[in-house]
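When we follow my numbering, the leftmost residue of the sequence shown carries the number 1, and every step to the right adds one. C-beta: ideal position from N, C-alpha, C; glycine also. Everything below concerns the one structure shown next.
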Amino acid sequence: DSKKGIQSTRWAVDSGTKNTIVNLKLSSVVKDKEVKYTYKGKDYYFSDMSTLKRTIREYNRGIEVDEHNGEVKRNKIQVSLIILLDGSGYTWDMVAPAARSGGYKYYMLNTESAAAQQKLEAVFSYLGEIFGQEDCFVSNWILGNEVDSCNAWNYNGGMGFDQYIRGYTQAFRILYYAVKKSCASSRVFISLDNAWNQPVAGYSSRAVLDAFASQI
């Protein structure tokens, strides 16, 4: 109904917007001895995600008051979820080996071994099951933030361009199949900045998009 959107706050409901975006740090998902989740015969431990579930449900439900008659109406808000690897807590092994250097905000995901890929599958499968339900639904999944600017937002430790794109593409595929398994209408996106032809903090967005499209 509308392109109007706002970053995830209370205003997303109060302002009558139709779209909101939510950041999800993977350190808030991967925990120790909290919720056991078995995937392909192996046990993993994750957060129960109770706080975010309440938030997403509120956005899904939403309310809107008609200014003419005061009638309360449903105002479903479309949710976009940005998945970010901050490398803290129990997520350091999820950071690409070349990027394991402290001091960066977000990191490149590790897809360099079968075990690393399976852990990603488990995390994304768990999230897809939680946020692929009718009353707790994420419409759009976004993997990383401005991934062409990999020295600022998706730190890759100086790995080569081809290796970087292969790794990101593999992580994207894992997320795609995980969330589609739970809800076929879910959509998955790559995040790029507006440095189309000239790199600012890594590569140009055009170079990354072309290489990603070729890989995918």
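Nearest-angstrom beta carbon gap, Ser182 and Glu129 [assumed within contact, 8 Å]: That belief holds up - the Cβ atoms of Glu129 and Ser182 are roughly 5 Å apart, short of 8 Å.
Classification of Ile216 by the beta-carbon crowding that lies within 10 angstroms, buried from 16 upward: Exposed is the call here.
N-terminal and C-terminal residue of the alpha helix (DSSP H) that Lys119 is part of: For Lys119, the uninterrupted alpha helix (DSSP H) run begins and ends at Ala114 to Ile130, by DSSP.
Residue range of the unbroken alpha helix (DSSP H) whose run includes Asp193: Premise fails: Asp193 is in no alpha helix (DSSP H) and is neither H nor E.
Candidates Arg187, Val138, Phe161 and Ser214, of which the one nearest Asn236 by Cα: This structure leaves residue 236 out entirely; the chain is present only between 1 and 216.
Spatial neighbours of Cys136 in its chain, beta-carbon cut-off 8 Å, leaving aside the 5 residues before and after: For Cys136, where only same-chain residues beyond five positions count, the Cβ hits under 8 Å are Lys53, Ile56, Arg57, Asn60 and Ile130.
Distance, Phe161 Cα to Cys150 Cα: About 10 Å.
Pick from Asn197, Asn140, Gly158 and Gln133 that is closest to Ser191, judged by C-alpha positions: Ranking Asn197, Asn140, Gly158 and Gln133 by CA distance to the CA of Ser191 puts Asn140 first.
Simplified DSSP state of Trp153, which is helix, strand or coil: Note: Trp153 maps to coil in three-state DSSP.
Whole-number beta carbon distance between Val200 and Ile165, since they are thought to touch under 8 Å: The pair is not a contact, with the Cβ atoms about 18 Å apart (cut-off 8 Å).
Beta-carbon separation (whole angstroms), Leu120 vs Ile174, contact threshold 8 Å: That pair is a contact at about 5 Å.
Chain-order list of residues whose beta-carbon lies under 6 Å from that of Tyr44 (same chain, five-residue window excluded): Around Tyr44: Tyr37 and Ala122.
Outcome for Asp148 when other beta-carbon atoms lying within 10 angstroms are tallied against a minimum of 16: The residue in question, Asp148, is buried, as its Cβ has 16 or more Cβ neighbours within 10 Å.
Run of the alpha helix (DSSP H) containing Trp11, from where it starts to where it stops: Trp11 -> alpha helix (DSSP H) spans Trp11 to Asp14.
Residue interval of the alpha helix (DSSP H) (run including Glu58): Ser50 to Arg61 is the extent of the alpha helix (DSSP H) around Glu58.
Coil, strand or helix - Asp93 by DSSP: Asp93 falls in the helix class under three-state DSSP.
CA-to-CA distance, Ala171 to Glu112, given in whole angstroms: Cα to Cα, the separation comes out at about 10 Å.
Proximity below 8 Å, CB of Phe46 to CB of Tyr176: With respect to the 8 Å criterion, Phe46 and Tyr176 are not classified as neighbours on the basis of their beta carbons.
Straight-line Cα distance separating Asn156 from Ala116: So the two alpha carbons sit approximately 16 Å from each other.
Span separating the alpha-carbon of Asp32 from that of Lys42: Pairing Asp32 with Lys42, the inter-Cα distance amounts to about 14 Å.
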